[in-house]
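J.: Chains as they are written, first to last, in this note's numbering: chain A, -12 to 448; chain B, -12 to 448; chain C, 38 to 312; chain D, 38 to 312.
Below you will find the structure I want to go over with you.
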Amino acid sequence: MKRFTRMIYKNPEEIIFGNAKFPVSERWNIQFGAGYVVPEVKVAPQEGSEASKEKMIGECRNIAQSACQRAVSIGLPSFMLEQEHVFQQTNYPEWAGECTQIQAEILERYYDEYGISVALRQTPADIRVEERAPGLRGSDYDNKIEESMEACAANGASDLCIESMGGKSASDYGISRGDIKAVLFGIGVLGSIDMEYVWKRIVNICKKYDCRPGGDTDCAQANTAMFMAGGLLDKDIAHTTAALARAMGAARSLVAVECGAIGPLKDCGYENPIVKAISGVPIATEGKNAVCAHSDLMGNLMAATADVWSNESVYHRQEMGGTTPEVWLQATGYEAALMNTALQTGTGETLRDIYTLTDKYRDPQGLILAYDNAYRIGKAIVNYGKDPYLRARAAALEAGKIINEAVDSGKLYLTRFERDSLDNALKIIEGLPLDADQFTDECLRTYTRKVPEFDPKSYEL
Amino acid sequence: MKRFTRMIYKNPEEIIFGNAKFPVSERWNIQFGAGYVVPEVKVAPQEGSEASKEKMIGECRNIAQSACQRAVSIGLPSFMLEQEHVFQQTNYPEWAGECTQIQAEILERYYDEYGISVALRQTPADIRVEERAPGLRGSDYDNKIEESMEACAANGASDLCIESMGGKSASDYGISRGDIKAVLFGIGVLGSIDMEYVWKRIVNICKKYDCRPGGDTDCAQANTAMFMAGGLLDKDIAHTTAALARAMGAARSLVAVECGAIGPLKDCGYENPIVKAISGVPIATEGKNAVCAHSDLMGNLMAATADVWSNESVYHRQEMGGTTPEVWLQATGYEAALMNTALQTGTGETLRDIYTLTDKYRDPQGLILAYDNAYRIGKAIVNYGKDPYLRARAAALEAGKIINEAVDSGKLYLTRFERDSLDNALKIIEGLPLDADQFTDECLRTYTRKVPEFDPKSYEL
Amino acid sequence: MSNIEELESKLDQNFVAIRYNVEIEGPAIKPENDSDVQNILPKEEPYKSIALAVLYGDMEASLSNVNDGLEAGLSPIDIINNGLMKGMDAVSALYTKGFYFLPDLMLSGDSMMEGVRVCEKILGHKSETKGTTVSFVAEGDPHDIGKNLVVMFLRANGYDAVDLGRDVPTSEVIKAVEEYKPIFMTGTALMTTTMTVFPKVVEELQKKGLEVPAFGCGGGSVRKDFVESFPMSVYGVEAYHTPKLADSILKDKKTWKELRKEYSKIVGEFVPEYA
Amino acid sequence: MSNIEELESKLDQNFVAIRYNVEIEGPAIKPENDSDVQNILPKEEPYKSIALAVLYGDMEASLSNVNDGLEAGLSPIDIINNGLMKGMDAVSALYTKGFYFLPDLMLSGDSMMEGVRVCEKILGHKSETKGTTVSFVAEGDPHDIGKNLVVMFLRANGYDAVDLGRDVPTSEVIKAVEEYKPIFMTGTALMTTTMTVFPKVVEELQKKGLEVPAFGCGGGSVRKDFVESFPMSVYGVEAYHTPKLADSILKDKKTWKELRKEYSKIVGEFVPEYA
Ligand code: B12
Ligand code: B12
Ligand code: SF4
Ligand code: SF4
Ligand SMILES: [Zn+2]
Ligand SMILES: [Zn+2]
Ligand SMILES: [Zn+2]
């Protein structure tokens, strides 16, 4: 397997929304990273729709139809529809196939009638349960994921994604206790191992169809940290800890690309700017148009590097302004239009920079994802590119350095909790072994005992 | 009464978000148009909250509290809370007073604790019913509006607005039939007459308190046209007709300023860019963060000239990302932050221009509100500044000219329906008398017969 | 050249916004050449001219045609049914197809109604309609355009639509039901805090033992889930759906429960809220 | 200097974002100097040291303190109640005030639990708890952090919290209720399509004639209106509310209906969802 040991981007200034070094084409005449930004929309199926296959199909049809209708009604040149599967859609691969099929049909109809460029992303659910033997590999649930992926690819999905959960057991433990070693083990080692397993399989499935392998997200780990960290005044996880987890997450999410994923990477991977800087693949991101679903502290900054600009799964229901697929596609569609105007008029770099500066010093998490800093973290990763553990470790150290520099130059102020957590974490990380096997052995000893859900067999350890 | 006969702005390039020639200060250390953009949020009271005063007060408290909480949690330097009254809040002035009081208390608490700059806008409802004698003046409903206004001002509102409805009877008739003469009569003549009545009173009330007279909106007329015009594929009202109504609306909404309103003008006045160009007062606008409530075709363009950036009243309920006051304040807050970053870094003009170009040719309605074109319409208005009818007429003619120029230069394409409606309207308008009394007489003859709801006595005609 | 003009000159709009309305526009055709319209329009004169005047929304022509017909001894009933109404049917067909627009409809409706009024004067009584309906805007609510459209569509489709206006006290609504015994009632509310009037209306009706076959509830802020939380009601989406709902009550004896279930089918199109 | 650096140099951040968390931070104080903590902490040794070790989340110190105490002949029960639990009470107080954070709480919780385990070994049986609770994540749902927090808070507050895990079949939930007869049950679901498990659980319980005093339902996508659409349930907002709800069931015999009505009062703070 290829590992990234050099940056595809030669300097950070080259990184900008709507442009990727390796653009991706999908059916229905759409390109990603090819000079324009594509808006994305996704909507969670309503409660009750899981009760039968027919209901779920109706729900998916309805979502697709509403989105298409609004797209042409406001003049969007292109858009992507994503459907994130709920449990039943993945556990019953037949549902996956038929739900995909109906959405593909509707998109194609609008493509034919209006010439609008469209794409259909399907994201089967990672329903595996590590703590229930045989765990992540070879369980019934694991097999269902594979079948569902294939059903989607065969029935019209233009690309496939997943939010895989490998390493969650250890990272959950670590995140909630501020135990940075467990976090690094969960993300850098376990997460990276599981990604290989998951992604080689997806890439193989996609090869058989007119369907692209999209990407993964460190949702299960870095997003968990971000969500628990919450707003400025929340008192759960230190935002500096969450920032380090995010940096590690980039080293892990890169594995999908190394296995053959070509992007656009999955929207909620807030680590995507780093992965783009390293690998040159187009990325989906989300931020200020995901307020429907969550509150982040970098709503504008995440647009700076987006090739696909997304909302976040929202309740499927009526708003005064229409149904939610309509409302939220309009939101992302209008933001993408702004970015495209900037690209067209040669002011893209300026817009990128003000997007970035709006959030660069709002919070340490945004700081490290600002494209210039993301680039630095990317470089730290490729320096140790061949070793998933060491590169995740290097990413965290570089992130810490970036935060400390900002503090020293008086641009960012930390609370005591953030300050202490960071100092403490960096001290621990610096003291860790430089050999992956040694680190893994240590962690196996500690965390098989401390974390009941953790099962080394799931990672062939 | 002063009438605008000259432009306060000397050229369109000077008009930009966050800056007005005549900034406004309100209590709780907030300024409008003074070099930064203030985000606004508003949320409609839930169904059932109208059942008792206590429920409505609880509802208002809850909305204020949630908004404040999110504001500090994401680091907003300032924000404005608006409450648009429902029927009961205005019909029972005691409700108006107590609802205002509780919101003022909460805002003040956050102002004291965090130093966040805040403002509280109250917008009593125009509950008058023209077709029910004595109509717009001196009815019970009319008196209640006055009492409610005073109750708000006395209990902590930092400014007052209204969406007044004068002329709606005639304009509704005209809009739905494409009868541009009725539209001009309803907006330019009747609307302007009623505005004087309404606004002199509000300005007098505000003088007594630490409360500013904000502004009005041509919601009842130009927005009605815009909403009925709908999306690109809707088949109700021609978008060219709606564009002409909007231009006329500027001539009408200007009356509030002439009576002493100082801004920020009310958010849903899409005609505000024109009024700002003429008068130099700060304005609130709404666009892409109003998708919750409606779909317009100029979501970015409206930000180009905003001093306050608003959402639109949305259901008060839970989203995955929080309650709607939280979610939508975050949306407008993040957009305002982007604008403020641009202003700070000297890239404001660029952002303004890409906001504008994103929607300038999406639809004729956006076209005429692009700040350069808005300026042209402003000039047409002040040329006939002393005559409300003639200036509304001139505004419509200038808007028509702007649309035709864009078509001629190949930048905007019209459908047949839009083309025919525009040609037809311009022909009629050009043929109208140049004397306001003569026009009014003609219209009185025609529309007292055709429009049963129209009552000349409501306008002292 | 100012800066925005410079930027504008670089812009390829196809990457920003596409005016699909212009893109998909077919060739212009004369309304009377549309095949559906040809099937609807009467072949014989003077009915044809009467219908055409309605089709063109030409009030003057409509009136003079009707007067000519009456002078020529045609029965007012025939003029209404074979001329004016046919013209209106053709208008509806064109509106449904997207060739005609609301102002066309309104002007044609006005022309038809004027013609009917002349005929009724001769008849000496109101002409037979399909049935009586009652429409109102909820108490405390000033937004009446949706209701006005509803009323217009009902009248254009041959219903005697009683319009109670806006900000209508619930008691007046009840009185109107007692008086007119409508085959369909419509309520419009555009606010969360006024749509609560709908269940109160139903409750009052039930208290008095009154009933309407169905009570269509619509308007900007009204949600289907809310409307379906009380009986007798059907959530209404587009004003032009109203006559279709009324027709299905009249012809197919549909109950409010059936209207809820078959809404999309009855109005003949995809309705997101009902999918 | 690159462009973004140039722009950055011009930026006055106070117009863009204010870090209120930094702005409002008071002076640092040692946890044991906080007045509430002083009221809670035992005055006499070795209880004071035992409690302090928990307060500092220092597992090693906690264990050795407990062992010292046991060797000195103190009763395991006293060590738990007068030492370990007091330390945890102090931790909760600091968390509520915002001086302590989740990791502090988790580490203190771990330290306390380890100490309790040692004492229980000596006792030969489980120590007395306030009562038994049952927690689960809905079938088909993998999101378990909220549930983990709920369980942690319950244990830290002296409850014997049974943790059924995630993706738990409804039948197993029912079995656990039969087996443990919990004084409070909590369910967590983070998806629209898994929160539908909650009413099914209630239905199954009712079928079997089982009951829990209250069933707290929470999680990212769960809405209050949904939870209140079926009986026995209370919408739960923050994990740290859980022990307060359990306490009020235990001490004040509150029913699920009362919990719904008095939620804000019981948890002692403004809760937007309940306002
Ligand atoms: C224009 C407008 C006004 C105008 C109305 C002019 C007029 N002639 O009616 C004016 C200025 C008067 C106005 C005032 C106010 N408004 Co207003 N207004 C609007 C707006 C922007 C458009 C309404 C409209 O005319 N739409 C076009 C018509 C055709 O649509 P419609 O009536 O919904 O009808 C369609 C369907 O619903 C359907 N339909 C309707 N009834 C039925 C029935 C049946 C059986 C069927 C089948 C179909 C059907 O048919 C039509 C489509 O074909 C709406 C936004 C919105 N989303 O609707 C806000 C809106 C209704 N207003 C709102 C508010 C808050 C107000 C004010 C209270 C603000 C204030 N404090 O000043 C005041 C009202 C004061 C008062 N008296 O109480 C809010 C309501 C929020 C809430 N609480 O729920 C809205 C929703 C705006 C928003 N935030 O999104 N408003
Ligand atoms: C992190 C995360 C994940 C991680 C979870 C890791 C983990 N360790 O649990 C992973 C990657 C696994 C994941 C996967 C998916 N996720 Co996810 N995920 C999230 C996210 C971003 C945060 C969840 C979280 O941990 N929050 C922090 C914890 C602490 O919060 P919490 O559990 O809600 O608990 C709090 C309160 O609710 C309360 N509480 C909870 N229970 C109780 C009980 C009582 C009694 C009380 C008092 C309080 C209480 O206490 C806590 C606060 O103190 C949410 C977003 C969100 N808004 O929640 C989406 C979210 C839940 N996920 C979503 C989706 C769609 C998915 C996937 C289905 C996507 C896909 N197709 O791949 C998959 C699931 C696959 C499957 N098996 O079905 C959607 C659900 C949409 C829907 N249908 O409703 C959400 C809502 C995102 C969104 N769109 O907004 N996800
Ligand atoms: S965080 Fe949101 S976008 Fe990302 S995977 Fe989870 S649900 Fe999907
Ligand atoms: S359009 Fe919206 S913002 Fe404007 S007045 Fe009407 S309700 Fe308020
Ligand atoms: Zn995610
Ligand atoms: Zn996402
Ligand atoms: Zn508005």
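Even glycine gets a Cβ: it sits at the ideal position worked out from N, Cα and C.
Here the structure is a predicted model, which means the values were calculated and not measured.
State yes or no: is the beta carbon of B/Pro32 nearer than 8 Å to at least one beta carbon in chain C?
T.: By this cut-off, B/Pro32 is an interface position.
J.: What's the gap between the Cα of C/Lys47 and the Cα of A/Thr334?
T.: Cα to Cα, the separation comes out at about 11 Å.
J.: In terms of alpha-carbon separation, which member of B/Pro251, B/Thr87 and B/Ala379 lies closest to B/Gly365?
T.: The residue with the shortest Cα to Cα distance from B/Gly365 is B/Ala379.
J.: Check whether chain C comes within 8 Å of B/Trp222, counting only Cβ atoms and requiring the distance to be less than that.
T.: One point to set straight first is that residue 222 of chain B is Lys, not Trp, in the sequence displayed. Chain C contact via Cβ: present.
J.: Quick one: is B/Cys206 near chain A, going by C-beta distance under 8 Å?
T.: No - not a single Cβ of chain A is within 8 Å of the one on B/Cys206.
J.: Which chain C residues sit within Cβ distance under 9 Å of A/Gly353?
T.: Going along chain C, no residue has its Cβ under 9 Å from A/Gly353, so there is no contact; the nearest lies around 28 Å.
J.: Given C/Met38, which residues of its chain have a CB within under 6 Å of its CB, disregarding the five upstream and five downstream residues?
T.: Reliability of the predicted coordinates at C/Met38 is poor, the pLDDT of 49 falling under 50, and no value is obtained from them.
J.: Looking at A/Gly22: is its Cβ nearer than 8 Å to the Cβ of A/Gly5?
T.: Yes, these two residues count as a Cβ contact at 8 Å.
J.: Counting only runs that start and end within the stretch 255 to 299 of chain D, where is the beta strand (DSSP E) found for 3 or more residues in a row?
T.: With a minimum length of 3 residues, the continuous beta strand (DSSP E) runs that stay inside the stretch 255 to 299 of chain D are 270 to 272.
J.: Taking any Cβ of chain D, which residues in the stretch 37 to 51 of chain B have a Cβ under 7 Å from it, in chain order?
T.: Under the 7 Å Cβ criterion, the stretch 37 to 51 of chain B contributes Gly45, Arg48 and Asn49.
J.: Determine whether the Cβ of D/Pro268 lies closer than 8 Å to any Cβ atom of chain B.
T.: D/Pro268 does not count as touching chain B.
J.: Beta strand (DSSP E) containing A/Trp450: first to last residue?
T.: Coverage of chain A is limited to positions -12 through 448, which leaves residue 450 of chain A absent and any answer about it impossible.
J.: Take the Cβ of A/Lys347 as the centre, count every other Cβ of all protein chains shown within 10 Å, and call the residue buried at 16 or more, exposed below.
T.: When all chains shown are included, A/Lys347 counts as buried.
J.: Report the residues of the stretch 47 to 69 of chain C with a CB closer than 7 Å to any CB of chain B, ordered along the chain.
T.: Listed in sequence order: Leu48, Gln50, Val53, Ala54, Arg56, Tyr57, Asn58, Val59, Glu62 and Ala65.
J.: Tell me, please, which residues DSSP counts as bridged to A/Gln317.
T.: BP columns for A/Gln317 are empty, so no partner.
J.: What number of angstroms, rounded off, separates the C-alpha of A/Asp428 from the C-alpha of A/Pro439?
T.: Roughly 17 Å between the two C-alpha positions.
J.: Could you tell me which of B/Asp340, B/Glu405 and B/Glu69 sits nearest to C/Glu42, measuring between CA atoms?
T.: It is B/Asp340.
J.: Give the secondary structure of B/Glu27 by DSSP, where H, G and I count as helix, E and B as strand, and everything else as coil.
T.: In the structure shown, B/Glu27 sits in a strand (DSSP, three-state: E or B).
J.: For the 8 Å Cβ check, are there 3 or more pairs between the stretch 99 to 116 of chain B and the stretch 48 to 66 of chain D?
T.: Verdict: yes, contact present.
J.: What are the complete beta strand (DSSP E) segments, minimum 3 residues, inside the stretch 101 to 181 of chain B?
T.: Whole beta strand (DSSP E) segments, 3+ residues: 104 to 110.
J.: Strictly below 7 Å CB to CB, what residues from chain D border B/Met307?
T.: Those are Gly257 and Ser258, listed as they occur along chain D.
J.: For B/Thr345, go through chain A and note every residue whose CB falls closer than 7 Å to its CB, in chain order.
T.: Ordered by position in chain A, the residues that pass the 7 Å Cβ test against B/Thr345 are Ala324, Leu325 and Thr328.
J.: Going by DSSP, which residues form a beta bridge with B/Pro200?
T.: Per DSSP, B/Leu147.
J.: Can you pull the chain C neighbours of B/Leu219, defined as C-beta to C-beta under 7 Å?
T.: Arg56, Tyr57 and Asn58, listed in chain order.
J.: Would the C-beta of C/Leu227 count as close to ligand 1, meaning under 7 Å from any of its heavy atoms?
T.: At least one heavy atom of ligand 1 is nearer than 7 Å to the Cβ of C/Leu227, so yes.
J.: Using a beta-carbon distance below 8 Å, is D/Met38 in contact with chain A?
T.: Reliability fails at D/Met38, whose pLDDT of 48 lies under 50, so the model's placement of it is uncertain and the value that follows must be treated cautiously. No, because no Cβ of chain A sits closer than 8 Å to the Cβ of D/Met38.
J.: Classify C/Val53 as helix, strand or coil using the three-state DSSP reduction.
T.: Coil at C/Val53, not helix or strand.
J.: The alpha helix (DSSP H) that contains A/Gly365, what's its start and end?
T.: Tyr358 to Asn370 is the extent of the alpha helix (DSSP H) around A/Gly365.
J.: Check whether chain B comes within 8 Å of A/Gly35, counting only Cβ atoms and requiring the distance to be less than that.
T.: No, A/Gly35 lies away from the interface with chain B (no Cβ there is under 8 Å from its Cβ).
J.: Tell me the residue span of the beta strand (DSSP E) that contains B/Gly335.
T.: Counting along the chain, B/Gly335 falls outside any beta strand (DSSP E), though it belongs to the alpha helix (DSSP H) covering Gly335 to Asp346.
J.: So for B/Arg432, helix, strand or coil by DSSP?
T.: Three-state result, B/Arg432: helix.
J.: Does any CB atom of chain B fall closer than 8 Å to the CB of D/Glu265?
T.: For D/Glu265, the answer is no, since every Cβ of chain B falls outside 8 Å of its Cβ.
J.: Just to confirm before moving on: does the CB-CB distance between B/Glu306 and A/Tyr302 stay below 8 Å?
T.: In this structure, A/Tyr302 lies closer than 8 Å to B/Glu306 by Cβ.
J.: Whole-angstrom Cβ separation of D/Val74 and D/Pro83, contact assumed at under 8 Å?
T.: Not confirmed; about 18 Å, so no contact.
J.: Out of A/Ala83, A/Trp15 and A/Ser282, which one is the CA nearest neighbour of A/Asp350?
T.: Ranking the options by Cα distance to A/Asp350, first place goes to A/Ser282.
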